[in-house]
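Protein chains: 2
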Amino acid sequence: MARHQVIIVGGGFGGLSAAKALRRQAVDILLIDRRNHHLFQPLLYQVAGAALAPGDIAEPIRSVLAHQSNVEVLLGEVTGIDLRRRTITIDGNATRAYDSLVLAAGMVNHWFGNDTWRTHAPGLKTLDDALEIRRRILLAYERAEWCTDAAERQRLLTFVVVGGGPTGVELAGALKEIGAQTLRRDFRHIHPEQAQVILVESAPQVLPTFGGHLPESARKQLVRIGVEVRTGLRVTAIDEFGVTLGDSRIEAATVLWSAGIKAAEVGTALGMPLDQSGRIVVAPDLSVSGHPEVMAIGDIAHFAYPDPLPGVAQVALQMGKHVARNLQDDGRGRPRKPFRYRNLGNMATVGRKLAVAEIGGFRFAGYLAWLIWLFVHLIALVGFRNRFVVLTQWTWNYITNERNSRLIRG
Amino acid sequence: MARHQVIIVGGGFGGLSAAKALRRQAVDILLIDRRNHHLFQPLLYQVAGAALAPGDIAEPIRSVLAHQSNVEVLLGEVTGIDLRRRTITIDGNATRAYDSLVLAAGMVNHWFGNDTWRTHAPGLKTLDDALEIRRRILLAYERAEWCTDAAERQRLLTFVVVGGGPTGVELAGALKEIGAQTLRRDFRHIHPEQAQVILVESAPQVLPTFGGHLPESARKQLVRIGVEVRTGLRVTAIDEFGVTLGDSRIEAATVLWSAGIKAAEVGTALGMPLDQSGRIVVAPDLSVSGHPEVMAIGDIAHFAYPDPLPGVAQVALQMGKHVARNLQDDGRGRPRKPFRYRNLGNMATVGRKLAVAEIGGFRFAGYLAWLIWLFVHLIALVGFRNRFVVLTQWTWNYITNERNSRLIRG
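Quick note, the sequences are listed as chains A and B, same order. Note that this note's numbering gives residue 89 to position 89 of the first sequence, counting from 1, and the numbers run on in steps of one. So this note's numbering is basically just the index in the second sequence, starting at one, shifted up by 1000.
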């Protein structure tokens, strides 16, 4: 008799977690991803900021699962789902049948219908995004060094980050440190420490999802290292010369986007109700309406019992494990249990020795939060080698104020 | 009075060596490169083979020279040279005047007029080349894993390297190790250790520039690890399905080119005699005919007193230092001395514990040659951090048989 066939779409935190949790069950798993690597997204901004190399935060999915014999890995994109026949289409041609389908394809950048903004303000979701951002930052300094027009030089040394969530805060902090520390001695005609970094957020505060004094603390920490924080302002236009915020205008050569994401395309192939961000609305057990054999987990799932969950790694990891529990319950003829999120905490780093964190009702800011942030991210990295390399790299960067991936490519 | 202005074109071994050797002289130096980083080319094949990451063998030119106050660095391409006015044009618009000009722009890939081959058989001179090759190698395995046609699967698992010089030998060895060791456990349907690697060389032996028994020893070492070596065969066609060698044909999805390079474009801007590879013919003091203020060094220079020198790092490094000596002699009103190359040796690695080396009349093959190769390349790496990271990486790879940069991007 053929074994129960599970197809998992996506090798991020959710998909990998589900695959691993199914390790001991008598199922055959096919994990499909458009990329050959799992990406540790919480540190992606450090690749954009030239502090880490792409390989430091990525791990081939095949390596991660090499010793788990009930998994196969396929590099490809899911382009169709046939709920009735229980098949998916890959890259428009190959077809695969499933008994259970787990959708864990995550989110992509989204410019709210202003897709011309994409050219001028790249987002940060993939390694290619991070390398493009790194290229723009480093090129801006190169051009400023040889620019003889004062206004243009100022524009080249102005960096705007749109969106004051964790990624935006972390990017802005990194941008300021690049100029103030890393590049300080590299140029002869400009003063990189005078580069202007402006963080724009439409809500009244940065880190609006954080509680208590943390948003205000994050703002203060940003201001202390020299980031200009502008809240309550909505971007109305982005062009190749800068950003318009209603009546005001910022001339800036480098604009980065961390203000919007939407669910990956694969959700639409379901023909099921999606929320306004394109996420798949799931039942308490994470299945989609009327199809207990199809589940959505991680960022691509809209789970609202009682409130929508944030798009963070912890949610995806816990949902992945719940999928395995569902299949075990099914196999034993027991009813599935509803998914319950255990909130382990929330954190964002502002820069060297600066961060905010909330863990189990406690709130930390500054040095202690930064140490917690470092520790949590190190142990959460996938793969022992990555942990070792990133620790070495961070130690090196901390001591020397260097950033070691300052390559301009392409 | 304005100081003597030296312009150096190229931040490779020759250009950097010249800039550093001019450290204590009362000159202002402008170093121009199309890229922002110095690249340690002898290890580039390890990036192509996913053993090292791009940042491990590259160092921002600005960092290398940050503490040398008489140097400025400019990211750009030299598009014209006016020998009469002593100026150069950068990126087609900016102009810069020099008192001394040092051309050190190196070589680029060359397909002998068969530029359609370029698409099917990428060469290996830049980081982008290396990443493209890495992508093709890893994708071939991904496709083979899911290929149901036996002949096509065989074609996907066939790798051809054209050109049996040091780079070709090193690439072929790395290709074999990727399949035999690194990917051994990663796939379910194919056996990567059965991948076929074929090295093609038109001369009767591989490593034709090496002396004594070394070419034959290299061949034996290649055969021992499973590389098929075909010498005395000239490639007559390359297309998307494989390679034609006169009457015989190899069906191969991945073909790599290390059979031809030519001098960088900048030489033609001189309007001076070039050799058949486009290299600038230089006088015994490395200057170009009738222009003692213009010198060419490294791979771009054709120096034939008595015999043409090989395009290796040592030649470029020594020529760079000679340029500084020339300028010192000029300043003191003394005649320049002719350049003399001190041959420190020659080596190539075939794989784990396998290499050939000739040093000061002695010839080594196998384990000892490999140890020498490791040691020499580690100490020659530019930047202490790179040395540390590469040593760590190599140790890790040696122990685990892993290759840690197996990312497919783009």
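All C-beta atoms in this analysis are idealised placements derived from N, C-alpha and C, irrespective of residue type, glycine included. Remember, it's a predicted structure, so these values are computed and weren't measured experimentally.
Residues near residue i in its chain [Cβ-Cβ closer than 6 Å; skip 5 each side]
i	result
A1105/B	V1009, G1010, A1264, V1266, I1300
A1259/B	V1162, G1163
Y305/A	P284
E201/A	G164, T231
R134/A	A48, A50
A180/A	E193
E293/A	S100
Cβ neighbour criterion (16 or more within 10 Å) applied to residue i
i	result
N93/A	exposed
P284/A	exposed
K30/A	The question names Lys, but residue 30/A is Leu in the sequence shown. So L30/A counts as buried.
R1035/B	buried
G1331/B	exposed
F1210/B	buried
Y1098/B	buried
F13/A	buried
G113/A	exposed
L1391/B	exposed
A53/A	buried
A218/A	buried
Inter-residue spacing [alpha-carbon to alpha-carbon] between residue i and residue j
i	j	result
E72/A	L274/A	29 Å
W1146/B	R1155/B	13 Å
L131/A	H1067/B	27 Å
V389/A	D56/A	7 Å
G1226/B	Q1196/B	8 Å
I372/A	T1268/B	58 Å
S69/A	L127/A	29 Å
P1338/B	E170/A	56 Å
H1004/B	A1316/B	23 Å
P1308/B	A1348/B	20 Å
A1121/B	H1110/B	11 Å
A1021/B	W1370/B	31 Å
A19/A	R86/A	19 Å
E1152/B	F1241/B	10 Å
L1065/B	Y45/A	27 Å
A1002/B	I1399/B	57 Å
L16/A	L327/A	16 Å
Closer than 8 Å to chain B by CB, residue i
i	result
G106/A	no
E358/A	no
W394/A	no
P42/A	no
S405/A	yes
I408/A	yes
R387/A	no
G15/A	no
L138/A	yes
D186/A	yes
CB contact check: residue i to chain A, cutoff 8 Å
i	result
D1128/B	yes
W1146/B	yes
I1142/B	Checking the sequence shown, residue 1142/B turns out to be Glu, not Ile. Chain A contact via Cβ: present.
N1093/B	no
A1058/B	yes
S1063/B	yes
G962/B	The structure shown does not extend to residue 962/B, since chain B is modelled only from 1001 to 1410, so the question has no answer here.
L1344/B	no
E1265/B	no
Same chain only: Cβ atoms within 8 Å of residue i, ignoring 5 sequence neighbours per side
i	result
I1137/B	A1048, G1049, A1050, F1159, L1175, I1178, T1254
P42/A	A313, H377, A380
N397/A	A51, R403, N404
Bridge-paired residues (DSSP) for residue i
i	result
H291/A	V288/A
T450/A	In the structure as shown, chain A starts at 1 and stops at 410, and residue 450/A therefore has no counterpart that could be examined.
A237/A	T244/A
S100/A	V6/A
E1251/B	G1242/B
P60/A	H37/A
D299/A	Beta-bridge pairing links D299/A to no other residue.
E145/A	Note: E145/A sits in no beta bridge, so no partner.
Contacts around residue i, its chain only, beta-carbon distance under 7 Å, and the 5 residues preceding and following it disregarded
i	result
D1091/B	G1076, E1077, T1079
G360/A	G345
Under 9 Å from the C-beta of residue i: neighbouring residues of chain D
i	result
H1037/B	This model lacks chain D altogether, as its protein chains are A and B.
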